[in-house]
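Student:
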Amino acid sequence: MTQALKGVRILDFTHVQSGPTCTQLLAWFGADVIKVERPGVGDITRGQLRDVPNADSLYFTMLNHNKRSITLDTKNPKGKEVLTELMKSCDVLVENFGPGVLDRMGFPWETIQTINPKLIVASIKGFGPGPYEDCKVYENVAQCTGGAASTTGFRDGPPLVTGAQIGDSGTGLHLALGIVTALYQRTMTGKGQKVTAAMQDGVLNLSRVKLRDQQRLAHGPLTEYSQYGEGVPFGEAVPRAGNDSGGGQPGRILKCKGWETDPNAYIYFITQAPVWEKICDVIGEPEWKTHPDYAKPAARLPRLNEIFGRIEQWTMTKTKFEAMEILNRDDIPCGPILSMKELAEDQSLRKTGTVVEVEHPVRGTYLSVGNPIKLSDSPTVVTRSPLLGEHTDEILKEVLGFSDHQVAEAHKSGALDPPQKVAAE
Ligand code: COA
């Protein structure tokens with residue numbers, strides 16, 4: 294069995310998180326991903342949040358699986374020459390530099406097109422064209438400027454960012470889709486094109502239900518938000534809705550047995566209309582099935598605090614897993630709040646390859662999230678991230694056809710690092 298993107302070569306000029314998540318996905322689908330890094334330094338995340346002395350950090354290793362690394366000083370004339378050759382040999386260049394960096398390096402889009410008109414150039418920037426286009430951006434800035442933070446948290450608290458990296462990894466996902474789409478179009482046009490994904494746009498895309506609610510506000514209160522039942526008037530902008538469900542079926546996070554000591558002893562509970570009668574039976578309120586205040590969804594909306602309070606009395610008598618089992622027997626949608634510890638130990642996630650153990654020659658064995666997208670004809674085998682410059686010579690010879698003499702000359706120019714030797718593999 295072969296892999297979907299076998300034969301596609303990616304010039305991976307990405308760093309930190311957003312770009313690397315994109316190229317890692319492409320590598321998992323079989324692309325040959327060549328990561329270009331600055332000699333002696335590499336991707337800054339190699340050394341950030343280090344937990345094992347002298348080993349590449351988990352931050353780096355978990356975002357750069359299945360890639361090869363070449364070190365190249367792209368401001369050095371020889372480095373530029375090698376980069377130009379790589380552009381000729383690759384199908385896609387992916388970058389998430391600060392605005393204008395590629396231009397300042399001497400490789401604006403017009404130049405790249407003359408080097409290789411088939412090359413797809415994919416970029417992540419913080420913002421699209423407009424007042425902020427020249428700004429550098431990190432995850433939380435994107436969450437704040439893309440509408441996620443203003444709509445996350447509780448009404449009486451400040452805006453909140455979420456732990457899910459929707460600005461970085463989310464935009465990486467968007468870009469990956471743009472790249473494979475451009476590759477598909479190239480099969481018909483024979484031409485490369487620019488693919489751009491701005492982090493603000495990516496976050497707004499993921500927050501689209503809140504833009505939906507912004508427009509609904511013009512036609513009346515948002516009846517599924519808790520504040521409606523509490524009689525709190527709505528302002529001009531979509532408010533923070535705590536743990537209210539963002540959809541048409543009201544939901545809440547409710548305490549379960551042990552909540553006093555376990556910060557994750559909670560369950561998300563959805564009062565889906567089609568199973569309302571089963572919910573009433575489970576929580577011991579059978580008369581709510583026919584009572585005019587509770588029987589129909591519209592009647593329940595102003596009473597959600599009371600209803601969820603009653604359901605919570607029931608969930609507090611069960612562990613989150615017991616509640617999950619009982620509720621699922623009746624098809625009542627719910628989900629325990631799973632800690633990272635529980636997810637790391639979850640055997641079913643290990644079986645599907647969503648959580649994988651990876652061997653690394655310097656840091657030993659570590660856990661990572663594998664490919665969350667499963668293709669039946671393109672299996673993913675997760676291999677460790679490269680050491681800095683580990684494949685420099687290999688890439689010069691195999692991809693660019695350099696002779697030993699040319700490799701030696703390139704090293705003499707100071708544009709490359711000598712490859713690190715892997716001692717124990
Ligand atoms: N050889 C020589 N120079 C290199 C190099 C290489 N291999 N790789 C990078 N550089 C240089 C660049 O040419 C640039 O130099 P210049 O400013 O003189 O033109 C310099 O490194 C800095 O690049 P930059 O991307 O601006 O890095 P930064 O650390 O200052 O900023 C970010 C980091 C993430 C804020 C910025 O890259 C950014 O806004 N990226 C787009 C949005 C994004 O993806 N953000 C999320 C990251 S998770």
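According to the numbering used here, the sequence shown is numbered sequentially starting from 294. We put the CB at the ideal spot given by N, CA and C, even for glycine.
#1: Which one of F601, L379 and D586 has the shortest CA to CA distance from L693?
#2: Taking the straight line between their C-alpha atoms, what separation do you get for R677 and G450?
#3: Between R501, L499, S500 and A530, which lies nearest to G513 when the distance is taken from Cα to Cα?
#4: Whole angstroms are fine: how far does the CA of Y477 sit from the CA of K487?
#5: Going by C-alpha distance, which of L304, A320 and D427 is nearest T377?
#6: Helix, strand or coil: which one does DSSP assign to L770?
#7: Going by the CB atoms, is the gap between G465 and T388 shorter than 8 angstroms?
#8: Counting only the same chain and skipping the five closest in sequence on each side, list residues whose C-beta sits under 6 angstroms from that of D537.
#9: Specify the secondary structure class of T608 as computed by DSSP and reduced to three states.
#10: Can you tell me which of V568, P590 and Y559 puts its alpha carbon nearest to the alpha carbon of L631?
#11: Go ahead and label N347 buried or exposed: buried means 16 or more other beta carbons lie within 10 angstroms of its beta carbon, across all protein chains shown.
#12: Would you mind working out which of G528, D586, E374 and Q458 sits nearest T508, comparing C-alpha positions?
#13: For N359, tell me which candidate among R302, T367, K368 and N369 has the shortest Cα-Cα distance.
#14: With respect to 7 angstroms, is the separation between the Cβ of S706 and the closest non-hydrogen atom of ligand 1 below this value?
#15: Where do the ends of the beta strand (DSSP E) carrying P629 lie?
#16: When you measure from the CB of G419 to every non-hydrogen atom of ligand 1, does any distance come out below 7 angstroms?
#17: Taking only the alpha-carbon atoms, compute the straight-line gap between K371 and T404 and give it to the nearest angstrom.
#18: Where does V309 sit, in a helix, a strand or coil, going by DSSP?
#19: In the structure shown, what three-state DSSP assignment does K714 receive?
#20: For G535 and R545, I'd like the C-alpha separation in whole angstroms.
#21: Can you check the region 371-418 for any alpha helix (DSSP H) of at least 4 residues that lies completely inside it and give the ranges in chain order?
#22: Is the separation between the beta-carbon of E426 and that of P392 shorter than 8 angstroms?
#23: Which of the three DSSP states is assigned to I327 in this structure?
#24: Find the nearest neighbour of L499 within the set C437, V525 and K548, judged by alpha-carbon distance.
#25: Give every residue of the same chain whose Cβ lies closer than 7 angstroms to the Cβ of K299, excluding the five residues on either side of it in the sequence, and list them in chain order.
#26: What residues in its chain sit with their C-beta under 6 angstroms from that of T516, if we drop five residues either side in the sequence?
#27: Is K571 helix, strand or coil by DSSP?
#28: Just reading off the beta strand (DSSP E) that I560 is part of, what are its end residues?
#29: Does any heavy atom of ligand 1 sit closer than 7 angstroms to the C-beta of Y431?
#30: Would you check whether ligand 1 has a heavy atom nearer than 7 angstroms to the C-beta of S311?
#31: For the region 657-666 and the region 597-606, state whether three or more C-beta atom pairs, one from each stretch, are separated by less than 8 angstroms.
#32: Do L504 and G440 count as a contact pair if the criterion is CB distance below 8 angstroms?
#33: Taking just the CA atoms, how far does H704 sit from A717?
#34: At what residue ranges does the region 455-485 contain a whole run of the alpha helix (DSSP H), taking only runs of 4 or more?
Tutor: If we stick to the structure as given:
#1: Residue 693 sits at position 400 when you count from the first residue of the sequence shown. Cα-wise, what sits closest to L693 is L379.
#2: Reading the sequence shown from its first residue, position 384 is the one you call residue 677. Reading the sequence shown from its first residue, position 157 is the one you call residue 450. Cα-Cα distance, rounded: 42 angstroms.
#3: Position 220 of the sequence shown, counted from the first residue, corresponds to residue 513. Taking only the C-alpha atoms, the option nearest G513 is A530.
#4: Numbered from its first residue, the sequence shown carries residue 487 at position 194. Numbered from its first residue, the sequence shown carries residue 477 at position 184. Taking the straight line joining both Cα atoms gives about 14 angstroms.
#5: Sequence index remark: in the sequence shown, residue 377 carries index 84 (1-based). The candidate whose alpha carbon is nearest that of T377 is L304.
#6: Look at the range of the chain in this structure, 294 to 718, and you will see that residue 770 is not part of it.
#7: As a first step, residue 388 is located in the sequence shown; it is residue number 95 there, counting from the start. As a first step, residue 465 is located in the sequence shown; it is residue number 172 there, counting from the start. A quick correction: the sequence has Glu, not Thr, at residue 388. No; because the gap between Cβ atoms is not below 8 angstroms, this pair is not in contact.
#8: Here residue 537 corresponds to residue number 244 of the sequence shown, with the count starting at 1. Cβ neighbours of D537 beyond the five flanking positions: Y518 and S519.
#9: For the purposes of this step, residue 608 is taken as the residue at position 315 of the sequence shown. Residue state, collapsed to three classes: helix.
#10: Within the sequence shown, the letter at position 338 stands for residue 631. When only C-alpha atoms are compared, the closest one is Y559.
#11: Mapped onto the sequence shown, residue 347 falls at position 54. Counting Cβ neighbours within 10 Å, N347 comes out exposed, since fewer than 16 surround it.
#12: In the sequence shown, counting from the first residue as 1, residue 508 sits at position 215. A small fix is needed here, since residue 508 is Gln in this sequence, not Thr. Residue G528 is the option with its Cα nearest to Q508.
#13: Sequence index remark: in the sequence shown, residue 359 carries index 66 (1-based). When only C-alpha atoms are compared, the closest one is R302.
#14: Position 413 of the sequence shown, counted from the first residue, corresponds to residue 706. No, since every heavy atom of ligand 1 falls outside the 7 angstroms radius drawn around the Cβ of S706.
#15: Taking the first residue of the sequence shown as position 1, residue 629 is located at position 336. Taken as a continuous stretch (DSSP letters only), the beta strand (DSSP E) holding P629 covers C627 to P629.
#16: Counted from its first residue, the sequence shown places residue 419 at position 126. The answer is yes for G419.
#17: In the sequence shown, the residue the question calls residue 371 occupies position 78. In the sequence shown, the residue the question calls residue 404 occupies position 111. Spanning the two alpha carbons is a distance of roughly 17 angstroms.
#18: Here residue 309 refers to the residue found at position 16 of the sequence shown. Coil at V309, not helix or strand.
#19: Position 421 of the sequence shown holds residue 714. The predicted model places K714 with a pLDDT of 49, which falls under 50 and marks its position as unreliable, so this point remains unresolved.
#20: On the sequence shown, position 242 is the one that residue 535 refers to. On the sequence shown, position 252 is the one that residue 545 refers to. In a straight line, the C-alpha of G535 is about 9 angstroms away from that of R545.
#21: 394-397 and 402-408
#22: Numbered from 1 along the sequence shown, position 133 holds the residue referred to as residue 426. Numbered from 1 along the sequence shown, position 99 holds the residue referred to as residue 392. Cβ distance < 8 angstroms, so E426 and P392 count as in contact.
#23: Counting from 1 along the sequence shown, the entry for residue 327 is found at position 34. I327: strand per DSSP, three-state reduction.
#24: The residue labelled residue 499 in the question sits at position 206 within the sequence shown. The option with the nearest alpha carbon to L499 is C437.
#25: As a first step, residue 299 must be located in the sequence shown, where it is residue number 6. Here the set comprises G323.
#26: Counting from one through the sequence shown, the residue named residue 516 turns up at place 223. The residues are L594.
#27: Here residue 571 refers to the residue found at position 278 of the sequence shown. Correct three-state label for K571: helix.
#28: The count along the sequence shown starts at 1 and reaches residue 560 at position 267. First-last of the beta strand (DSSP E) with I560: Y559 to I563.
#29: If you number the sequence shown from 1, residue 431 lands on position 138. Checking the Cβ of Y431 against ligand 1 gives yes.
#30: As a first step, residue 311 is located in the sequence shown; it is residue number 18 there, counting from the start. Yes, ligand 1 has a heavy atom inside 7 angstroms of this Cβ.
#31: no
#32: Along the sequence shown, read from residue 1 onward, the residue named residue 440 stands at position 147. Along the sequence shown, read from residue 1 onward, the residue named residue 504 stands at position 211. Cβ atoms of G440 and L504: closer than 8 angstroms.
#33: Along the sequence shown, one-based indexing puts residue 717 at 424. Along the sequence shown, one-based indexing puts residue 704 at 411. Because the pLDDT at A717 is just 44, under 50, the model does not fix this residue reliably, and the point stays unresolved.
#34: 462-482
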